[in-house]
C-alpha cells in the first residue's frame, strides 16, 4: 500500500526552450521570478464547502482551499488524519483570530501565482496579529487561550514560510516567549490539539535554528531527539504500514542535520563529503517526488549548501524545483536563490555563518 501525499507525480523539471547551448538548471530558475513558475494548471477551485453557512462566502472558499491545498503539503501524509485540517480548522470556526490566520495562509498561498490576492492576505495577517496582541493582555492564561494563541502563531509561521516573509524571526521569538511566560508546554500537550501544536513548534524550531542562531544551532542539532521528529513518528500510530517511508524521511533529516553540524564545528571535509554522498545516494530513488518527499525542503537546502560538483548542484536544484511544483510554497524557490549565493562564495567558506547573515525568509 503506497502512502498518499501531496501529488508530485506530475511535477516536471523546467525544459529547455529552443536550441543551442544548454544553460545550467539553477540559472534557468534563478533568472525567473515566481510568476514565471506558474504551471498550466495554476488555476484553482475555491468553490465554498457546504455546511459552513454561518461563514461568509469568501471565508468559506479560503477555508476549503486551506484544507485541500495548504494542509496536505504541511504533513508527510494526507490520509485519515491531518492536524491542520482535522484539529486547527475546526478551531477556526470558533475562534476569529485563528480563522484570520488560516485565511491569511490560504490567501498567501494563492497570491504566489495570483498576485491580486496579496492585499487580502495582508488584511487577514494583520487581523490575526491584532487578535494575538489583544490576547496578550488577558489576565489569566488558560488552556483555551494557549491553544488559540499557539495555533495562530504556528499558522502565521506557515504563512511566512509560504511567502518567504521577513517576519518569521519575530514570530519565532514571540512563540518562544509565550510558551515560557505562560508555562504552557505541558498544559498544551494534555489533548490532541496541544500535542499536535507542540510537534509543529518543535519542528519549526529545529529547522529555524540554522537560519537564525548560527553556532548555537549546532548544539540544538547535536541534541536532536526522536521527540523533535514526533511530527513524523506520530504517524506510525495511525499508519504503521508507512513505517519504511517514515524512517527514510527521519534518516534524511538527521543526515542533513549532521552535515550542518559537521560544517559548523569544522569537521574534516572528508567526513562532510561522505555524509553528502550518503544523502545524495539515498535520494536517487526516494526524493521530492516520492510519497512524503514533499517535506524535504530543508534537508535538500542544507545538503545543497555543501554540494561542489555541477552534477550534484543540478540534482539538488531540480529537487527543490519539484518541491515548489508539489507544494506551491515560495520556500523552495528561496532556497534555490540562497544556494546560488552560497555557491558563488570562495571554496572553504563556512556557509553556516553565511546563512545567519543572509537569510531573511523561513525555509521549512
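Residue numbers (this note's numbering): 102 to 465. C-beta: ideal position from N, C-alpha, C; glycine also. Source: prediction; values computed, not measured.
When burial is assigned at 16 or more other CB atoms within 10 Å of the CB, is residue i buried or exposed?
i: residue 372; result: exposed
i: residue 349; result: buried
i: residue 250; result: buried
i: residue 393; result: buried
i: residue 442; result: exposed
i: residue 128; result: With a pLDDT of only 40 at residue 128, under the threshold of 50, the placement of this residue in the model should not be trusted; the figure read from the coordinates follows. The residue is exposed, with fewer than 16 neighbouring Cβ atoms inside 10 Å.
i: residue 316; result: exposed
i: residue 360; result: buried
i: residue 422; result: buried
i: residue 450; result: exposed
i: residue 395; result: buried
i: residue 347; result: buried
i: residue 339; result: exposed
i: residue 277; result: exposed
i: residue 370; result: exposed
i: residue 418; result: buried
On a CA-only basis, which of the options is nearest residue i? Give me that one, please.
i: residue 302; options: 275, 186 and 165; result: 275
i: residue 368; options: 407, 273, 310 and 159; result: 407
i: residue 211; options: 254, 294, 199 and 162; result: 162
i: residue 454; options: 310, 267 and 268; result: 310
i: residue 181; options: 452, 343 and 355; result: 343
i: residue 323; options: 209, 256, 443 and 357; result: 357
i: residue 354; options: 265, 263, 377 and 370; result: 377
i: residue 375; options: 326, 409 and 187; result: 409
i: residue 300; options: 332, 395 and 386; result: 332
i: residue 327; options: 307, 318 and 340; result: 307
i: residue 254; options: 187, 206 and 452; result: 206
i: residue 304; options: 283, 346, 340 and 259; result: 259
i: residue 257; options: 461, 156, 424 and 222; result: 222
i: residue 298; options: 318, 192 and 237; result: 192
i: residue 229; options: 216, 199 and 214; result: 199
i: residue 461; options: 265, 214, 272 and 165; result: 265
i: residue 352; options: 364, 379, 235 and 158; result: 379
i: residue 279; options: 444, 321, 234 and 215; result: 234
i: residue 363; options: 452, 391, 412 and 156; result: 452
Just verifying my parser: in three-state terms, what is the DSSP assignment at residue i?
i: residue 361; result: helix
i: residue 329; result: helix
i: residue 138; result: Note on residue 138: pLDDT 46, under 50, position unreliable in the model; no value is reported.
i: residue 408; result: coil
i: residue 254; result: helix
i: residue 206; result: helix
i: residue 478; result: No answer is possible for residue 478: it lies beyond the span of the chain, which begins at 102 and ends at 465.
i: residue 462; result: coil
i: residue 397; result: coil
i: residue 198; result: helix
i: residue 173; result: helix
i: residue 315; result: coil
i: residue 341; result: helix
i: residue 215; result: coil
i: residue 445; result: coil
Is it true that the CB of residue j sits closer than 8 Å to the CB of residue i?
i: residue 201; j: residue 225; result: yes
i: residue 177; j: residue 336; result: yes
i: residue 381; j: residue 416; result: yes
i: residue 464; j: residue 435; result: yes
i: residue 248; j: residue 294; result: yes
i: residue 263; j: residue 431; result: yes
i: residue 168; j: residue 204; result: no
i: residue 319; j: residue 366; result: yes
i: residue 232; j: residue 197; result: yes
i: residue 433; j: residue 424; result: yes
i: residue 429; j: residue 170; result: yes
Please return the same chain residues whose Cβ sits closer than 8 Å to the Cβ of residue i, not counting the five positions on each side in sequence.
i: residue 270; result: 313
i: residue 420; result: 384, 388, 389, 397 and 401
i: residue 218; result: 208, 209, 211 and 212
i: residue 446; result: 452 and 455
What does a CB cutoff of less than 6 Å around residue i pick up in its chain, not counting 5 residues either side in sequence?
i: residue 175; result: 185
i: residue 172; result: 183, 185 and 186
i: residue 329; result: 303 and 307
Hey, is residue i's beta-carbon within less than 8 Å of any beta-carbon in chain D?
i: residue 444; result: Of the protein chains in the structure, only one exists, and it is not chain D.
What residues in its chain sit with their C-beta under 7 Å from that of residue i, if we drop five residues either side in the sequence?
i: residue 268; result: 261
i: residue 272; result: 254, 257, 258 and 261
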